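Inspection log for the structure reproduced underneath, given as structure tokens.
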């Protein structure tokens, strides 16, 4: 399995870099936490995720979010991963905002399968997608592997996510593909969002692609065409990120 991991990680980073232009940078605008962290990817004590106590997700759901986001954007030689950058924090916070309740788009029937260009086509809001999805997937994992998702090996977890994405896994009360799509979308958003939303705490993704953030001017760029931007990124809050 190790021989296959590096290409997967590299391709994920490349995918984030190539698709950055189509994802909004501002996204969509305790003991429980510590015990959950012990079962997922390690995060430094300075990480927002390490100290955060989830508001929406319960303990089992939080452990799933930590494990799954770590697989989708793992830490590697290109920089920190989703967990240490606070992506789980971002997702939990989004569930308590109008986005999580589905207040930001039309939510009346008819609901039918359609092409993505037709817009949101399910009667489930993001909160319900996560709640049903995690319960159903943990049930699937217990029935087939005798453990919840977060307690399985990384290799088994990754295989399950692949099967979920392809539609190979059929869940009881929700589409597995819909659940995976929601998780992947929010993970990417959290990794690329402004730190004020919870994720991208060190602005690692911005440094990866040379995005300057919310700087007031770009005189250095105008006066030095075809040269890398010399300064680190800046958050909306005024937080500065180190140079790459």
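In full-length UniProt numbering, the protein residues as written are 1 to 244.
Cβ coordinates follow ideal geometry from the N, Cα and C atoms, glycine included.
Everything numeric in this text was worked out from a predicted model, so none of it was measured.
Please report the residue range of the alpha helix (DSSP H) in which residue i lies.
| i | result |
| --- | --- |
| residue 247 | Because residue 247 is not part of the residues shown, which for the chain are 1 to 244, the question remains open. |
| residue 176 | 176-192 |
Could you give the DSSP three-state label for residue i: helix, strand or coil?
| i | result |
| --- | --- |
| residue 170 | coil |
| residue 240 | strand |
| residue 293 | With the chain represented from 1 up to 244, any question about residue 293 goes unanswered, as that position is not in the structure. |
Considering only C-alpha positions, which residue in the set the options is nearest to residue i?
| i | options | result |
| --- | --- | --- |
| residue 172 | 85, 137, 217 | 137 |
| residue 162 | 151, 143, 183 | 183 |
| residue 72 | 175, 179, 82, 133 | 82 |
| residue 258 | 140, 152, 169, 79 | With the chain covering only 1 through 244, there is no way to say anything about residue 258. |
| residue 68 | 230, 219, 231, 160 | 160 |
| residue 169 | 139, 80, 147 | 139 |
| residue 230 | 76, 238, 219 | 219 |
| residue 209 | 79, 105, 222, 104 | 79 |
| residue 48 | 93, 76, 166 | 93 |
| residue 188 | 146, 70, 154 | 70 |
| residue 201 | 150, 226, 239 | 239 |
| residue 216 | 225, 237, 224, 226 | 237 |
Might you give, ordered along the chain, the residues of its own chain that have their beta carbon closer than 6 Å to the beta carbon of residue i, omitting 5 neighbours on each side?
| i | result |
| --- | --- |
| residue 127 | 95, 100 |
| residue 132 | 173, 174 |
| residue 134 | 61, 64 |
| residue 144 | none |
| residue 104 | 98 |
| residue 102 | 125 |
| residue 158 | 71 |
| residue 41 | At residue 41 the pLDDT is 47, less than 50, meaning the model places this residue with poor confidence; the figure from the coordinates comes in the next sentence. Hits under 6 Å: 70, 83. |
Below 7 Å CB to CB, which residues in the same chain sit around residue i once its five sequence neighbours on both sides are set aside?
| i | result |
| --- | --- |
| residue 233 | 203, 206, 207, 211, 212, 213, 241 |
| residue 199 | 85, 86, 87, 89, 90, 190, 191, 193 |
| residue 176 | 164, 167, 169, 170 |
| residue 186 | 91, 94 |
| residue 57 | 65, 92 |
| residue 228 | 210 |
Excluding sequence positions up to five away, which residues of its chain have a Cβ less than 8 Å from the Cβ of residue i?
| i | result |
| --- | --- |
| residue 235 | 194, 195, 196, 203, 213, 214, 241 |
| residue 129 | 122, 174, 178, 179, 182 |
| residue 148 | 60, 63, 64, 138, 141, 142 |
| residue 156 | 145 |
Is residue i near the ligand MG, going by C-beta to nearest heavy atom under 8 Å?
| i | result |
| --- | --- |
| residue 173 | Only the bare structure without any ligand can be found here, which leaves the ligand MG out of the picture. |
In the region 49-132, which residue ranges form an unbroken alpha helix (DSSP H) of at least 4 residues, counting only runs that do not cross its ends?
59-72, 87-95, 98-101
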